[in-house]
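J.: Right, I'll just put the structure down here and ask away after.
Protein chains: 2
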Amino acid sequence: MVEKKYLHLSASFLTEQGVEIKQPVAAYEEYGNPVGPVVLLCHGGLSNQHAADVTDVDKAPGWWDKLVGPGNVFDTDLFRILSINAIGSIAGSTSASSINPDTGKPYGKDFPYITMVDHANFLKQVLQELGVEKLFWAAGLSMGSLAVMNLAVLYPEFVGAITPVASAPYMTVGGMAIHNCFIESIKQAEGWAEGEDNNRAVRNAVGVMSMISKVYYTHYSLFESMTNDIQGQEAREKFLTEYLAAGQEAYADGHNANAVITCLRACNSYDIGKGYSSLDEAYARLSMPALVISTDTDPEFPPQYGQQIVDGINRHYPGNANFYLLHSVYGHLACVLEGEQLKEAMMPFKKKLLAEQ
Amino acid sequence: MVEKKYLHLSASFLTEQGVEIKQPVAAYEEYGNPVGPVVLLCHGGLSNQHAADVTDVDKAPGWWDKLVGPGNVFDTDLFRILSINAIGSIAGSTSASSINPDTGKPYGKDFPYITMVDHANFLKQVLQELGVEKLFWAAGLSMGSLAVMNLAVLYPEFVGAITPVASAPYMTVGGMAIHNCFIESIKQAEGWAEGEDNNRAVRNAVGVMSMISKVYYTHYSLFESMTNDIQGQEAREKFLTEYLAAGQEAYADGHNANAVITCLRACNSYDIGKGYSSLDEAYARLSMPALVISTDTDPEFPPQYGQQIVDGINRHYPGNANFYLLHSVYGHLACVLEGEQLKEAMMPFKKKLLAEQ
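Chain order of the listed sequences is A and B.
So the number in this note's numbering is just where the residue sits in the first sequence, counting from 1, plus 747.
So the number in this note's numbering is just where the residue sits in the second sequence, counting from 1, plus 747.
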């Protein structure tokens, strides 16, 4: 099993809004060649840093297992691969579940508002303290792709190449809408406003989010293929009910409600043009090679948003950015589940990066 | 204002599963020419029989206001138009909110399982008791379109013409999946299993369903057009949060949780082939003119399902069925909101029906 590591940062973390988070911690995993060029992997908003389990895949699958390994896209023979839990996220980095040193109690719903700029700054700070002077390549999916984009815009000299998967230049309003449903459903749960984050009502809200996610983040054609062999509407109904409800308790255990809110709001804040005179000024900073990957059925990051990034970059650096479209029944989740297509998209990009090194 | 009427049926209603519902009541509205040919309108699963307010549109808009009126598609000068609340639904027909004559208490979660065949049989019984010998035309949307389809398959001699809008020959599994999320979220609410149907947790579940519906049942491009003029992600987030949460309390007031479950499960049961040797045998019964309308962005009833109905009918009665595709940012809700396109689709169909009368 890959070990989860913790880095205690040497200084406080200052959020974009000027709030000081004391004694920040980053949870992360590390794979591959410790002295190789560094590749950063960034996880999705409801996920964590367990990108791959290179020693024991079956026990705890990582979200990009199919892309990490010897000779693979994220080549463990060549690269030092770092996968860092986002600040405010659910899996070990400082978040709503952490103890606030000022009060001795968990932050809970009072955890500071974290933006995608904060995600990028946190990653930068963590990577520096891990001794990384420059990233050879940064890749991420969904929320992680937004972190990669912001990191590259803010610190272009630090990021050698980018692969945002399921991405956009600013948070899509469609995605923001579903995020806000989830955020509101947690906030409305009885007890949440009084500080409870793990009572039945709050856990139910998180559990319902997990069910809705299984529908919203895929595509109806997935359900068609899943139920092709089931005869009769009542049998289909039973199958779907069980499939949707499965794992809800474990999901609520693993997804602190306030950390969920923190991550979804961070996504909502995302706009690479923020702080610049225009979106175009942000694109002008993206001088590194870019491979942008979208999925035809993704309702949260429809392909035209990925294409916008490519067009924006190529206006300034013709040919620097390439677009790859996944065809999938998995909708948004194709960014995790379409391993073969992702490999097909990324392998030539990796080879090109290595050749130009 | 159009008056809501109640019909107390003369006999018990026997469900498809053999359960007797005593003293059944149908809530309905009636518009137009009392002695004209009869047109039946059937509402959606989370909606009610208020299809039109022909006298005072602004006070209480009906879902097909744009199609009902003198000289309009559903011509109040010509037709006797009946819009009937589905059995088990939220707005006056016998449902989970009704008093069970055997116990003197509301049925609550013990209201019998109602199928779409029951919807059709209930409509037939109500129409007969209202003195209707034959329908000139039956039209409906979403759940109502399924009722129209089942009515026409079960009683082809009774139904002169059909216009199912947002429809399919059997419930789509994608739609079933989102229904099951909503059903489960209510069932998981604290107190529901003990018989509570209006406590905070259950109302929250219904309220969250109303928010999710605003996202799932439209299309992300709607949110893009709604927020085009709003600058900045935080302002967009605020707007969306308010838009999504608006009306939740009123929605929970108007949508009894168990009636919601009843209607969603009825949709899930839908399959016109049920009780026949094949789907094709069901199509063979649909000898009346049909206009089937779908929407390009509808995730619940994607256009290929509407096209299936048309192809199925035309295999037996070439040219009898026509397909019309709405282009809309409203997704599933186009069946209510795209009044002009619906009018364009239905007006020639109405004229043809009148000419062939």
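Idealized CB from N, CA, C, for every residue including glycine.
Nothing here was measured: the structure is a model prediction, and the numbers come from that model.
Within 8 Å, do at least three Cβ pairs link the stretch 896-909 of chain B to the stretch 926-945 of chain B?
T.: Verdict: no, contact absent.
J.: Which residues in the same chain have their Cβ closer than 7 Å to the Cβ of A/A1006, if we skip the five residues on either side of it in sequence?
T.: Residue mapping note: residue 1006 of chain A aligns to position 259 of the first sequence, counting from 1. Closer than 7 Å at the Cβ level, and outside the excluded window around A/A1006, lie G835, S836, I837, S842, A843, S844.
J.: Specify whether the stretch 986-1005 of chain A and the stretch 958-965 of chain B touch according to this definition: at least 3 beta carbon pairs, one from each stretch, less than 8 Å apart.
T.: Contact between the stretch 986-1005 of chain A and the stretch 958-965 of chain B is absent, because fewer than three Cβ pairs lie under 8 Å.
J.: So for B/D822, helix, strand or coil by DSSP?
T.: Working through the second sequence from its first residue, we reach residue 822 of chain B at position 75. DSSP places B/D822 in strand when its eight states are reduced to three.
J.: Is it buried or exposed for B/K881, if we count other Cβ within 10 angstroms and need 16 for buried?
T.: For the purposes of this step, residue 881 of chain B is taken as residue 134 along the second sequence, with counting starting at 1. Its Cβ having fewer than 16 others within 10 Å, B/K881 is exposed.
J.: Terminal residues of the continuous alpha helix (DSSP H) containing B/L870?
T.: In the second sequence, the residue the question calls residue 870 of chain B occupies position 123. Counting along the chain, the alpha helix (DSSP H) containing B/L870 begins and ends at 863-876.
J.: Which of the residues in the stretch 920-948 of chain A, read from start to end, lie with their CB under 8 Å from any CB of chain B?
T.: From the stretch 920-948 of chain A, only V920, G921, G922, M923, A924, I925, N927, C928, I930, E931, S932, Q935, A936, E937, R947, A948 have a Cβ closer than 8 Å to chain B.
J.: Mind pulling the alpha helix (DSSP H) runs of 4 or more residues that sit fully within the stretch 960-1042 of chain B?
T.: List check, alpha helix (DSSP H) in window: 967-973, 980-992, 995-1001, 1004-1015, 1026-1031.
J.: Cutting at 8 Å between CB atoms, please list the residues of its own chain near B/S902, excluding the five before and the five after it.
T.: Mapped onto the second sequence, residue 902 of chain B falls at position 155. Per the sequence shown, residue 902 of chain B should be read as Tyr rather than Ser. If we look at B/Y902 and ignore the five residues flanking it on each side, its Cβ neighbours are A867, K871.
J.: Since A/I831 and A/Y775 are thought to touch, with beta carbons under 8 Å apart, how far apart are those beta carbons, to the nearest angstrom?
T.: Counted from its first residue, the first sequence places residue 831 of chain A at position 84. Counted from its first residue, the first sequence places residue 775 of chain A at position 28. Their Cβ separation, rounded to whole angstroms, is 4 Å, which keeps A/I831 and A/Y775 in contact under 8 Å.
J.: Expressed to the nearest angstrom, what Euclidean distance is found between the alpha-carbon atoms of B/P771 and B/G907?
T.: Numbered from 1 along the second sequence, position 24 holds the residue referred to as residue 771 of chain B. Numbered from 1 along the second sequence, position 160 holds the residue referred to as residue 907 of chain B. Computed Cα separation, rounded: 27 Å.
J.: Bridge partners for A/W884 per DSSP, in chain order?
T.: Residue numbering aside, residue 884 of chain A sits at position 137 when the first sequence is read from its first letter. The partner list for A/W884 (beta bridge, DSSP) reads A/V786.
J.: What residues from the stretch 813-826 of chain B come within 8 Å of chain A, judged by C-beta to C-beta, listed N to C?
T.: Hits within the stretch: zero.
J.: CA-CA distance, B/V815 and B/D824?
T.: If you number the second sequence from 1, residue 815 of chain B lands on position 68. If you number the second sequence from 1, residue 824 of chain B lands on position 77. Taking the straight line joining both Cα atoms gives about 10 Å.
J.: Taking CB distances under 8 Å as the criterion, tell me whether A/Q980 reaches chain B.
T.: In the first sequence, residue 980 of chain A corresponds to position 233, counting from 1. By this cut-off, A/Q980 is an interface position.
J.: Enumerate in chain order the residues of its own chain whose CB-to-CB distance from B/N847 is below 6 Å, with the five nearest sequence positions on each side excluded.
T.: Translated into the one-based positions of the second sequence, residue 847 of chain B becomes position 100. Correct list, in chain order: Y854.
J.: Alpha carbon to alpha carbon, how far is A/V785 from A/A992?
T.: Here residue 785 of chain A refers to the residue found at position 38 of the first sequence. Here residue 992 of chain A refers to the residue found at position 245 of the first sequence. Roughly 39 Å between the two C-alpha positions.
J.: Name the one or two DSSP bridge partners that B/K856 has.
T.: Here residue 856 of chain B refers to the residue found at position 109 when the second sequence is read from its first residue. In DSSP, B/K856 forms no bridge with anything.
J.: Quick one: which chain A residues come within Cβ less than 9 Å of B/N1015?
T.: Here residue 1015 of chain B refers to the residue found at position 268 when the second sequence is read from its first residue. Going along chain A in sequence order, the residues near B/N1015 (Cβ under 9 Å) are Q980, E981, R983, E984, L987.
J.: Expressed to the nearest angstrom, what Euclidean distance is found between the alpha-carbon atoms of B/A773 and B/C789?
T.: Locating residue 773 of chain B in the second sequence gives position 26, where the first residue counts as 1. Locating residue 789 of chain B in the second sequence gives position 42, where the first residue counts as 1. Spanning the two alpha carbons is a distance of roughly 13 Å.
J.: Any beta carbon from chain A within less than 8 Å of B/A992's own beta carbon?
T.: As a working note, residue 992 of chain B is residue 245 in the second sequence. Cβ-Cβ to chain A under 8 Å: yes for B/A992.
J.: Short of 7 Å in beta carbon distance, which residues of its chain neighbour B/G1086, apart from the five on each side in sequence? Order them along the chain.
T.: Numbered from its first residue, the second sequence carries residue 1086 of chain B at position 339. K813, L814.
J.: I believe B/L1100 touches B/W884 by the beta-carbon criterion, under 8 Å. Please report the beta-carbon distance rounded to the nearest angstrom.
T.: Here residue 1100 of chain B refers to the residue found at position 353 of the second sequence. Here residue 884 of chain B refers to the residue found at position 137 of the second sequence. That pair is a contact at about 6 Å.
J.: Give the secondary structure of A/F1048 by DSSP, where H, G and I count as helix, E and B as strand, and everything else as coil.
T.: The count along the first sequence starts at 1 and reaches residue 1048 of chain A at position 301. Residue state, collapsed to three classes: coil.
J.: Taking 8 Å as the threshold (C-beta atoms), are A/L793 and A/T965 in contact?
T.: As a position in the first sequence, residue 965 of chain A is number 218, starting the count at 1. As a position in the first sequence, residue 793 of chain A is number 46, starting the count at 1. It is not a contact, given that the beta carbons lie outside the stated cut-off.
J.: Listed from N- to C-terminal order along the chain, which residues in the stretch 1001-1025 of chain B have their beta-carbon within a distance smaller than 9 Å of any beta-carbon of chain A?
T.: Within the stretch 1001-1025 of chain B, the residues whose Cβ lies closer than 9 Å to some Cβ of chain A are R1012, N1015, S1016, Y1017, D1018, K1021, listed in chain order.
J.: Let's test the definition: count the other Cβ atoms within 10 Å of the Cβ of B/K1097 and tell me whether it reaches 16, buried, or not, exposed.
T.: In the second sequence, residue 1097 of chain B corresponds to position 350, counting from 1. By the 10 Å Cβ count, B/K1097 comes out buried.
J.: According to the neighbour-count rule (16 or more other Cβ atoms, all chains shown, within 10 Å of its Cβ), is A/P1095 buried or exposed?
T.: The count along the first sequence starts at 1 and reaches residue 1095 of chain A at position 348. So A/P1095 ends up on the exposed side.
J.: Does B/E1047 pass the burial test, meaning 16 or more other C-beta atoms within 10 Å, or should it be called exposed?
T.: Stepping through the second sequence from its first residue, residue 1047 of chain B is reached at position 300. Buried, by the Cβ-count rule.
J.: Please list, in chain order, the residues of the stretch 959-975 of chain A that have any C-beta partner in chain B closer than 7 Å.
T.: Those would be I959, V962, Y963, Y967, F970, E971, T974, in chain order.
J.: Please classify B/S1041 as buried or exposed, where buried requires at least 16 neighbouring CB atoms within 10 angstroms.
T.: Mapped onto the second sequence, residue 1041 of chain B falls at position 294. The residue in question, B/S1041, is buried, as its Cβ has 16 or more Cβ neighbours within 10 Å.
J.: Does B/V955 come within less than 8 Å of chain A when only Cβ atoms are used?
T.: Locating residue 955 of chain B in the second sequence gives position 208, where the first residue counts as 1. By this cut-off, B/V955 is an interface position.
J.: Do we get a CB-CB distance below 8 Å when we pair A/N951 with the residues of chain B?
T.: For the purposes of this step, residue 951 of chain A is taken as the residue at position 204 of the first sequence. True, the Cβ-Cβ gap to chain B drops below 8 Å.
J.: Grab me the residues of A/Q995's own chain with a C-beta within less than 6 Å of its C-beta, minus the 5 sequence neighbours each way, in chain order.
T.: Here residue 995 of chain A is taken as the residue at index 248 of the first sequence, counted from 1. Excluding residues within five positions, the ones whose Cβ falls inside 6 Å are G954, S957.
J.: Is the separation between the beta-carbon of A/A1031 and that of A/I1019 shorter than 8 Å?
T.: As a first step, residue 1031 of chain A is located in the first sequence; it is residue number 284 there, counting from the start. As a first step, residue 1019 of chain A is located in the first sequence; it is residue number 272 there, counting from the start. Not a contact, by the Cβ cut-off of 8 Å.
J.: Any Cβ of chain A within less than 8 Å of the Cβ of B/P1049?
T.: In the second sequence, counting from the first residue as 1, residue 1049 of chain B sits at position 302. At least one chain A Cβ lies under 8 Å of B/P1049.
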